[in-house]
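Numbering (UniProt numbering), first residue to last: 1 to 158.
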Amino acid sequence: MKNKVETFKEKQSFLTRWLMILLSFVMLYIAYDAYQQYQTTGIKGLSVGLCIMLPVFLFFMFSQLCTTIDDEGITITFIPFAWRRRWYWSSMAKVYVRRYDWMEFGGWGYRLGNGGIAYSTKGRYGIQLELKNGRKILIGTQKPEEVEKLLPKINEND
């Protein structure tokens, strides 16, 4: 009989303190530049930089990587795009938590690297999926201890 696996949910933001500070300084500079242009040329002089940076700033403010682990498998959802991906336990050969370096995949976000595909926002820990078809997927987590406690229960169900 299968053991019931408690549901694990995690929401991760792309914002870090240093990114927030950097984006804030860039936005302040661009807003000041836009104000200066407005003073000399009126509304026509609205900064192109402001029109570009504001959506970028808002994107980082509201973007999230949501991870759910349940009886059937692991699901990730990328907000604001409502993009979703699910891997079932039956398709996995191995699942474990590991430490990784952001350079391994060339940064954070959706990345392709020598180690497979990574979905990450920040941090150094991820849930490594090794699928039966040979593909490798890394899903970043800020709660590696919670996931590690859950994995033995999942492995008992195999």
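Ideal Cβ placement from N, Cα and C applies to all residues, glycine included.
- For Ile74, the closest of Ile139, Glu146, Phe60 and Phe62 by C-alpha to C-alpha distance is Ile139.
- Classified as buried, Ile127 has 16 or more neighbouring CB atoms from the shown chains inside 10 Å of its CB.
- Its Cα nearest to that of Glu72, the residue Tyr88 stands out among Arg111, Leu28, Tyr88 and Tyr35.
- Nearest to Lys132 by C-alpha distance, out of Met92, Gly113, Trp18 and Leu112, is Met92.
- Three or more beta-carbon pairs separated by less than 8 Å are not found between the stretch 48–58 and the stretch 102–109, which leaves the two stretches without contact.
- The three-state secondary structure of Trp87, taken from DSSP, is strand.
- By the Cβ-count criterion, Gln39 is exposed, with fewer than 16 other Cβ atoms from all chains shown falling within 10 Å of its own Cβ.
- For Leu129, the enclosing beta strand (DSSP E) stretches over residues Tyr125 to Leu131.
- DSSP places Arg17 in the uninterrupted alpha helix (DSSP H) bounded by Arg17 to Thr41.
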